[in-house]
Each structure stands twice: as structure tokens, then as C-alpha cells.
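In the UniProt record's numbering, the protein residues as written are 1 to 116. Think of the CB as a built atom: it goes at the ideal place given N, C-alpha and C, for glycine as much as any other residue. To start, the structure itself, in C-alpha cells.
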């Protein structure tokens with residue numbers, strides 16, 4: 001096999017993989033039969049798929065779960081703050097109307113006079 005053909009076979013594999021057998025196809029062209037991929041890093045016919053490390057995958061999962069948890073707590077706190085704001089606003093409006101009212105009795109009838 002010529003050096004240029006061997007070079008073609010070596011370029012077949014990606015990500016540092018090396019061609020373990022270079023042969024001719026039915027048309028007489030050089031072709032890599034298979035690639036040896038760097039262990040625990042890449043996989044696939046041409047070393048094109050990244051192999052996930054157990055630690056990095058679980059770390060990514062933990063980070064995602066923590067991000068979702070913090071986002072949920074933040075949304076819950078915002079909803080609670082909005083609820084309390086409107087609840088206190090209604091109470092304040094009600095109590096301010098009450099303070100502008102005066103009450104007196106005429107002939108055993110209680111009259112409540114409120115300024116609005």
C-alpha cells in the first residue's frame with residue numbers, strides 16, 4: 001500500500017483514533033476497516049462519539065437539579081411576596097376607611113358616618 005493511501009486510512013479516524021487495518025475496497029481504493037479509539041474517551045466506528053465519564057455526568061445532573069431547585073424556591077418566594085403585598089394593601093385600605101368613620105347615637109340609633 002502506498003504512503004498516500006496509508007495516510008488516507010489514518011485520516012479516516014477522528015479524535016486521536018488510529019486505523020488498525022487499511023485495505024482496498026472492491027474499487028481498489030484504500031479504506032480503513034476499523035479504528036482504535038483512545039480508551040474511555042471516544043467510541044464509534046470512526047471515534048466520533050464522546051464517552052461520558054461517570055463523574056462528569058453525575059456532576060452535570062446534580063448541577064441541573066440544584067439549578068431547578070433554586071429556581072423553584074425563587075419563584076415560590078416571589079409568589080408569596082406578591083400575595084402578602086396585595087393582602088396587606090387590602091387590609092390597609094380597609095383600616096384607613098375605618099379610621100375616617102365617626103360613630104354617634106341619635107335616639108337610641110347608632111349612626112356611622114364615614115368620609116370617603
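An exposed status is given to residue 79, since fewer than 16 other beta-carbon atoms sit within 10 Å of its beta-carbon. Counting the other Cβ atoms within 10 Å of the Cβ of residue 17 gives 16 or more, which makes it buried.
Within 10 angstroms of the beta-carbon of residue 12 lie 16 or more other beta-carbons, which makes it buried. Residue 13 carries a coil assignment under DSSP once its states are collapsed to helix, strand and coil. A straight line joining the alpha-carbon of residue 34 with that of residue 2 spans about 19 Å. A Cβ-Cβ distance of about 5 Å is found for the pair residue 47 and residue 14, placing them in contact under the 8 Å criterion. Counting every other CB atom within 10 Å of its CB across the protein chains shown gives residue 77 a total below 16, marking it as exposed. Distance check between residue 39 and each of 51, 8 and 73 places 51 closest, using alpha-carbon atoms only. Here residue 73 carries a helix assignment [DSSP, helix/strand/coil]. Sequence-distant partners of residue 10 (beyond 5 residues in either direction) whose C-beta falls short of 6 Å from its own C-beta, in its chain, are 19.
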